[in-house]
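Sequence positions in the sequence shown follow the working numbering and run 17 to 270.
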Amino acid sequence: MIAAHIDSYRRGLREALQASAADGYRLLHAGTVETELDPARFSHSARRHLSKYLADLGLRLAGLSAEFPGLGLGDPQTADARLAHVRATLEMCAEMRLPVAVVSLRGLGDATGGSVASQVASQLADLADRAGVRVALATGDDDPTRVLESVRTLGCPNLGLAIDSAARGIAPAAACAGGVEIASVTLRDVHRSGGGVEETRFGGGDVDFAALLAELAAGDYRGELVIHRRQPGVDGMRQAREYIDSLATAARRG
Numbered sequence: 017m018i019a020a021h022i023d024s025y026r027r028g029l030r031e032a033l034q035a036s037a038a039d040g041y042r043l044l045h046a047g048t049v050e051t052e053l054d055p056a057r058f059s060h061s062a063r064r065h066l067s068k069y070l071a072d073l074g075l076r077l078a079g080l081s082a083e084f085p086g087l088g089l090g091d092p093q094t095a096d097a098r099l100a101h102v103r104a105t106l107e108m109c110a111e112m113r114l115p116v117a118v119v120s121l122r123g124l125g126d127a128t129g130g131s132v133a134s135q136v137a138s139q140l141a142d143l144a145d146r147a148g149v150r151v152a153l154a155t156g157d158d159d160p161t162r163v164l165e166s167v168r169t170l171g172c173p174n175l176g177l178a179i180d181s182a183a184r185g186i187a188p189a190a191a192c193a194g195g196v197e198i199a200s201v202t203l204r205d206v207h208r209s210g211g212g213v214e215e216t217r218f219g220g221g222d223v224d225f226a227a228l229l230a231e232l233a234a235g236d237y238r239g240e241l242v243i244h245r246r247q248p249g250v251d252g253m254r255q256a257r258e259y260i261d262s263l264a265t266a267a268r269r270g
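Have a look at this one:
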């Protein structure tokens with residue numbers, strides 16, 4: 017199942033929803049950080065109206081993301097405020113019956129500075145269990161071995177990993193071998209040069225999507241493949257959906 021992350025459109029909420037429907041998407045993910053869906057401002061009645069509007073467009077919201085820049089929730093200067101935002105996001109997921117939330121947490125793979133990230137991960141596990149919502153940790157390029165060990169040690173069935181096709185961190189095969197669930201998958205194509213990453217149209221970059229989809233299938237991943245264009249100036253959401261759909265169709269036939 018292929019979903020669009022509506023933040024990719026860089027438009028107002030209503031315009032982004034209309035654009036995603038026009039691009040042929042039926043499933044959506046959306047961010048809550050500095051968007052119209054910030055739980056502090058998006059009221060209960062607004063949530064009900066959103067569900068109705070989505071249904072009228074033939075769309076369904078399948079998950080939310082609370083992704084902060086830098087270390088995410090691992091930043092000791094902002095951890096408390098950001099954790100409060102995540103708590104509200106999980107409560108909104110529970111209210112709207114959304115099964116998963118992606119949360120950014122860097123530092124689990126850092127042997128010297130992982131204490132804050134580890135403490136936050138433990139708190140996230142408690143929040144996930146209380147809300148009954150799966151939390152997918154986006155750990156960026158953190159050391160895969162240390163991340164897997166940290167998540168596995170917590171033993172929380174509602175805490176998993178978010179895979180990003182453009183990150184150099186955890187690969188699906190490593191997560192499966194490490195006994196940690198893949199709870200969300202974000203897809204974007206990129207060119208890598210030195211330490212930099214530049215997004216491209218799908219099929220024009222360095223990501224081997226056929227191999228990635230094969231790894232996910234081998235691990236019995238059944239969640240959405242979320243197309244999320246993060247860098248300004250990169251469009252092609254319809255082309256991205258068609259490209260991934262063609263690879264997935266070919267894999268099923270093979």
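Virtual Cβ for every residue (Gly too), placed ideally from N, Cα, C. Because the structure is a prediction, the values reported are computed rather than measured.
Can you tell which of the options has its C-alpha closest to the C-alpha of residue i?
i       : options                               : result
Ala-117 : Arg-30, Ala-35 and Leu-153            : Leu-153
Glu-50  : Gln-93, Arg-122 and Arg-27            : Arg-27
Ala-199 : Val-132, Ala-78, Gly-88 and Ser-131   : Ala-78
Glu-52  : Ala-100, Thr-105, Leu-87 and Thr-94   : Thr-105
Val-163 : Ser-181, Ala-182, Ala-187 and Arg-146 : Ala-187
Thr-48  : Tyr-69, Leu-99 and Ala-82             : Ala-82
Gln-11  : Gly-90, Leu-66 and Leu-263            : Look at the range of the chain in this structure, 17 to 270, and you will see that residue 11 is not part of it.
Gln-247 : Met-17, Asp-23, Ile-18 and Ala-19     : Asp-23
Closer than 6 angstroms by C-beta to residue i: which residues in its own chain qualify, once you throw out the five before and the five after it? Chain order, please.
i       : result
Ala-144 : Val-151, Asn-174 and Leu-175
Ala-141 : Leu-170, Cys-172 and Leu-175
Asp-157 : Ala-183, Arg-184 and Gly-185
Gly-219 : Tyr-259
Thr-202 : Asp-180, Val-242 and His-244
Leu-232 : Pro-188
Within a Cβ cutoff of 7 angstroms, which residues of the same chain sit near residue i, ignoring the five residues on either side of it in sequence?
i       : result
His-207 : Glu-214, Thr-216, Gly-221 and Asp-222
Gly-265 : Residue 265 is actually Thr in this sequence, not Gly. Excluding sequence neighbours, Thr-265 sits near nothing in its chain.
Arg-210 : In the sequence as presented, Arg is not what sits at residue 210; that position holds Gly. Excluding positions up to five away in sequence, the list is empty.
Leu-99  : Leu-89, Val-136 and Gln-139
Phe-84  : Val-49, Arg-98 and Ser-120
Ala-147 : Leu-106, Glu-107, Cys-109 and Ala-110
Which residues in the same chain have their Cβ closer than 8 angstroms to the Cβ of residue i, if we skip the five residues on either side of it in sequence?
i       : result
Val-167 : Leu-124, Ala-137, Leu-153, Leu-175, Gly-176, Leu-177 and Val-196
Leu-75  : Leu-33, Ser-36, Ala-37, Tyr-41, Arg-42, Leu-43 and Leu-44
Gly-86  : Arg-122
Ala-267 : Ala-226, Leu-229, Ala-230 and Ala-233
Answer with buried or exposed for residue i, where buried requires no fewer than 16 other C-beta atoms within 10 angstroms of its C-beta.
i       : result
His-21  : buried
Asp-72  : exposed
His-101 : buried
Gly-6   : Outside the shown range of the chain (17 to 270) lies residue 6, about which nothing can therefore be said.
Where are the alpha helix (DSSP H) runs, 4 residues long or more, that stay fully inside the segment 167 to 195, in chain order?
188 to 193
Could you tell me which uninterrupted beta strand (DSSP E) segments, each at least 3 residues in length, are contained entirely in the segment 85 to 133, listed from first to last along the chain?
116 to 120
At 3 residues or longer, what runs of the beta strand (DSSP E) sit wholly inside the segment 190 to 262?
198 to 203, 205 to 209, 212 to 216 and 241 to 243
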